[in-house]
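*Asks:*
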RNA sequence: GGGUAGGUGGCAGAGUGGUGAUGCGCGAGACUGCAGAUCUCGUUUAUUGGGGUUCGAUUCCCCACCUACCCUCCA
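Below, the structure written as structure tokens:
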């Protein structure tokens, strides 16, 4: 398997540090508002990535931080006149709810920054001892002049970073590009005691403290949105590689392209933020996943209701075929298609192995679906089993097939039996009514030579 | 201004130094109580523009134009 590493700007053969064990860290959200479809894009990708590695037999530990103390949270809390922790707690919860609805469950551990204050203080202490940081009136800062490689991830020279730096209002800093490791307490802000007085962590330090605690100074994969490359990930490298003296901090930096809405950046100031919970009122999570995985993770995705609608046609085809396959009465005979099915599986794996080329993988799935539709009636029970297993393996990785809720399945079956009876008596008005009503509730019914089939859309 | 990733048919979206997937859409037919699905056949001179390298480039190089993101926690 090959993965594109942002640091080296090339696809590299994937080799974990510890055999089959893979340590993945992904930057989580700052929990000060509902999560939007841009978050969905990134986290659905990394969910799929971790599940694919598991499918390939790796033992994955996927760790994700939650920034639960931050300027934006504090500002919102102050505006509303509530405790900042009320804000972070609420939106942390909402975030988890959204992720569960999106079937993002590949994450092994969510790590809120405030659970790691001791580790953060300890790391800052070591940076100071080693001379990579200095204390000022308002906090502790990392001294980037001590880390000449600063800029290597975003491929910018230190000079160009300095030249591009905006006017710095903080005259305490030695260099405008120095960044805060610890911020001293201000009125109305949450704080923890530290050797430098009461205060709170800087933004970048939580990630390296958390990863050092769980993974040590070096690990396999670090992911996040490409907007985090600079300065966030750059600062993480400076902190971790300085404190440990070991390079590289991670072997594979993976960054997702950002999502745009009608070719425009999605943002509060644009007024075009689409929350995950809003969009899930309109579409099934599995369709959203299919749509987002139809673009390569490093490319930007452009969202519009129209493009989602187009994706729906392709997506339904897969759902329908899966449903037909499940209800197929296959013959007890020698399997004849197993080799061909395995060829599709191999092609799917090849696509995924090539830097998680999910759009190509999806095209393989589509070809496979055409193959199934064409040959299904000739399937033996072993052919059927083999095809179903393949689709279900895909679904474990991508989670693009709607899940059935067994509690209502029984009632759907009863309605379909009723419909069958009315059809036999040619009471088509009634049978069509049942079909229509089910459809209105997201259950599509079709009459096939095998009888009725149904699926969720 | 600096950095990064891109610009492929009506749409989405791969790949490749030697006339370019896959799917949607569209047209016709088969099937069908209807619907839907599926199958068969068909469908567009598609690779931003201009140079260069090459026997040959969509693929490599240069320039231009265009798009998105980042340039310090203020987006």
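Numbering (my numbering), first residue to last: -6 to 450.
Ideal Cβ positions, reconstructed from N, Cα and C, are used throughout, including at glycine.
1) For residue 159 and residue 359, I'd like the C-alpha separation in whole angstroms.
2) Counting Cβ pairs closer than 8 Å, one from the segment 428 to 441 and one from the segment 368 to 378, do we hit at least three?
3) Using the rule of at least 16 other Cβ atoms within 10 Å of the residue's Cβ for burial, across every protein chain shown, is residue 277 buried or exposed?
4) Give the range of the alpha helix (DSSP H) segment to which residue 7 is assigned.
5) Measuring only the C-alpha atoms, how far is residue 161 from residue 135?
6) Does DSSP classify residue 438 as helix, strand or coil?
7) Might you give, ordered along the chain, the residues of its own chain that have their beta carbon closer than 8 Å to the beta carbon of residue 62, omitting 5 neighbours on each side?
8) Are there 16 or more other CB atoms within 10 angstroms of the CB of residue 298, so buried, or fewer, so exposed?
9) Between the Cα of residue 111 and the Cα atoms of 67, 202, 68, which residue gives the shortest distance?
10) Which parts of the segment 329 to 366 are runs of the alpha helix (DSSP H), unbroken and 4 residues or longer, counting only runs that do not cross its ends?
11) Excluding sequence positions up to five away, which residues of its chain have a Cβ less than 7 Å from the Cβ of residue 6?
12) Could you tell me whether the segment 420 to 429 touches the segment 390 to 404, where touching means 3 or more Cβ pairs closer than 8 Å?
13) Apply the 10 Å Cβ neighbour rule to residue 242 and answer buried if 16 or more other Cβ atoms are within range, or exposed otherwise.
14) What residue does the alpha helix (DSSP H) around residue 33 start on, and which one ends it?
15) Pick helix, strand or coil for residue 308, following the three-state DSSP scheme.
16) Hey, how far is the Cα of residue 327 from the Cα of residue 369?
17) Which full runs of the beta strand (DSSP E) of 3+ residues lie inside the segment 96 to 182, going along the chain?
18) If we count the other Cβ atoms within 10 Å of its Cβ and call it buried at 16 or more, is residue 93 buried or exposed?
19) Applying the criterion that 16 or more other CB atoms from any shown protein chain within 10 Å of the CB defines a buried residue, is residue 11 buried or exposed?
20) At which residues does the alpha helix (DSSP H) containing residue 415 begin and terminate?
21) Measure the alpha-carbon distance for residue 236 versus residue 133 and round it to whole angstroms.
22) Pick out whichever of 444, 37, 145, 96 has its Cα sitting closest to the Cα of residue 2.
23) Cα separation between residue 99 and residue 55?
24) Can you tell me which of 425, 447, 19, 439 puts its alpha carbon nearest to the alpha carbon of residue 491?
25) If we call anything under 8 Å between Cβ atoms a contact, is residue 197 one with residue 172?
26) Among all the DSSP beta bridges, which residues are the ones paired with residue 268?
27) Quick one: grab the DSSP three-state call for residue 290.
*Replies:* Taking the geometry as given:
1) Residue placement at residue 159 is poorly supported in this model, since its pLDDT is 49, which falls under 50; the coordinates still yield a value, given next. Their backbone Cα atoms lie some 49 Å apart in a straight line.
2) Contact fails: fewer than three Cβ-Cβ distances are below 8 Å.
3) Taking all protein chains shown into account, residue 277 has 16 or more neighbouring C-beta atoms within 10 Å of its C-beta and is therefore buried.
4) Element bounds for residue 7: n/a, residue is neither H nor E.
5) For residue 161, the predicted structure reports a pLDDT of 49, less than 50, and the residue's modelled location is therefore unreliable. A value from the coordinates is still provided. Going from the Cα of residue 161 to the Cα of residue 135 covers about 15 Å.
6) Residue state for residue 438 is assigned as strand, using DSSP reduced to three classes.
7) Excluding residues within five positions, the ones whose Cβ falls inside 8 Å are 77, 81, 106, 107, 183, 193, 194.
8) Here residue 298 is exposed. Its C-beta has fewer than 16 other C-beta atoms within 10 Å.
9) The candidate whose alpha carbon is nearest that of residue 111 is 202.
10) Those alpha helix (DSSP H) runs which fall completely within the segment 329 to 366 and span 4+ residues are 331 to 346.
11) For residue 6, where only same-chain residues beyond five positions count, the Cβ hits under 7 Å are -5.
12) With the cut-off at 8 Å, the segment 420 to 429 and the segment 390 to 404 do not touch.
13) With 16 or more neighbouring CB atoms inside 10 Å of its own CB, residue 242 falls in the buried class.
14) Taken as a continuous stretch (DSSP letters only), the alpha helix (DSSP H) holding residue 33 covers 30 to 48.
15) Residue 308 falls in the helix class under three-state DSSP.
16) Between residue 327 and residue 369, the C-alpha separation is close to 14 Å.
17) Taking only runs of at least 3 residues, the beta strand (DSSP E) segments lying wholly in the segment 96 to 182 are 102 to 105, 126 to 128, 132 to 135, 172 to 177.
18) That one is exposed.
19) Classification for residue 11: exposed.
20) From DSSP, the alpha helix (DSSP H) with residue 415 extends over 399 to 417.
21) Their backbone Cα atoms lie some 15 Å apart in a straight line.
22) Across the set 444, 37, 145, 96, the C-alpha of 145 shows the shortest separation from the C-alpha of residue 2.
23) Near 7 Å, if we compare the C-alpha coordinates of residue 55 and residue 99.
24) Residue 491 cannot be examined here, being either before or after the span of the chain that is shown, -6 to 450.
25) Here residue 197 is near residue 172, since their CB atoms are less than 8 Å apart.
26) Under DSSP, the beta-bridge partners assigned to residue 268 are 29.
27) Coil at residue 290, not helix or strand.
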